[in-house]
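In terms of the numbering used here, the sequence shown is residues 433 to 618.
Ideal placement from N, C-alpha and C gives every residue a C-beta, glycine not left out.
Notes to accompany the following structure.
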Amino acid sequence: MKHIIILVLLMILIPLQTSAQIDTRLDKSLTELDAIGKGSVYYLGLFKVYDAKLFAQSEMDKQNILSGEMSKCLVIEYNLSISAEDIIKGANVVLSRQHDSQTLQEQRQFIETIHQSYTDVSEGDSYALCYDAELSKTELFFNGSTVAEVNSAEFASLYFGIWLGDKEPISESLQKNLLKQLADKS
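What follows is the structure, encoded as structure tokens:
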């Protein structure tokens with residue numbers, strides 16, 4: 433009987449420790465970076481879809497925001513329910529506007545890793561896309577838990593470009609608000 437109780441306790445405690453470790457990684461990413469900007473995306477100008485916040489290294493400027501040498505984290509908090517299919521569709525539309533088919537094909541495996549990790553969202557859910565320049569690793573968090581990892585600086589530049597790129601980002605006003613506090617060193 434004593435062994436059964438210990439086994440049950442271990443089964444309960446091990447998942448809690450794993451979840452806490454994952455949450456700690458996101459918290460660590462955010463606390464090591466500075467809050468840079470925030471903004472919102474609206475559908476038809478009426479319905480707030482999500483709020484976004486950008487965290488990055490303080491020495492970053494607008495010209496190197498997509499650099500693989502700079503860590504960054506984009507947190508998106510949803511105000512509406514959206515299907516994973518619509519999130520993926522939106523990402524693909526922007527990526528195809530920003531990049532040629534050869535570039536997208538070269539990054540297809542990494543794009544699919546992220547896209548296969550998306551799930552339907554409801555009001556209050558959040559995604560965080562964090563890039564660690566030291567490790568050249570992008571992590572996607574859903575409600576604080578890691579759901580995908582990609583080890584590629586090129587992928588990070590490409591995917592963060594959906595929101596932060598100069599060429600047709602998902603929303604120009606969001607891009608400007610996210611980057612508002614960064615210096616323009618052109």
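Check, Outcome
"If you reduce the DSSP assignment to three classes, tell me which class Leu606 lands in.", "helix"
"With DSSP collapsed to three states, give me the class of Ala585.", "helix"
"Are at least three pairs of beta-carbons, each pair with one atom in the region 547-560 and one in the region 574-584, less than 8 Å apart?", "yes"
"List the whole-angstrom C-beta distance separating Lys504 from Leu465, where the pair is believed to meet the contact cut-off of C-beta under 8 Å.", "7 Å"
"Nearest-angstrom Cα distance between Glu586 and Phe479?", "33 Å"
"Leaving out the 5 sequence neighbours to the left and right, which residues in its chain are closer than 7 Å to Gln607 when beta-carbon positions are compared?", "Trp595, Leu596 and Pro601"
"By DSSP's criteria, Ile508 is part of a beta bridge. Which residues make up the other side?", "Ala484 and Tyr559"
"Mind checking Gln453: buried by the 16 CB within 10 Å criterion, or exposed?", "Note on Gln453: pLDDT 41, under 50, position unreliable in the model; no value is reported."
"When you compare the CB positions of Tyr550 and Ala588, do they come within less than 9 Å of one another, or not?", "no"
"Rank Ser472, Tyr591, Ser533 and Asp493 by C-alpha distance to the C-alpha of Leu512 and give the top, closest one.", "Ser472"
"Tell me the residue span of the beta strand (DSSP E) that contains Leu572.", "Lys569 to Phe574"
"Here's the rule I'm using: 16 or more other beta-carbon atoms within 10 Å means buried, otherwise exposed. How should Leu611 be labelled?", "buried"
"What residue range is occupied by the uninterrupted alpha helix (DSSP H) comprising Gly597?", "Careful: Gly597 lies outside any alpha helix (DSSP H) and carries neither H nor E."
"Are the beta-carbon atoms belonging to Ala467 and Lys485 less than 9 Å from one another?", "yes"
"Secondary structure at Ala467, three-state DSSP: helix, strand or coil?", "strand"
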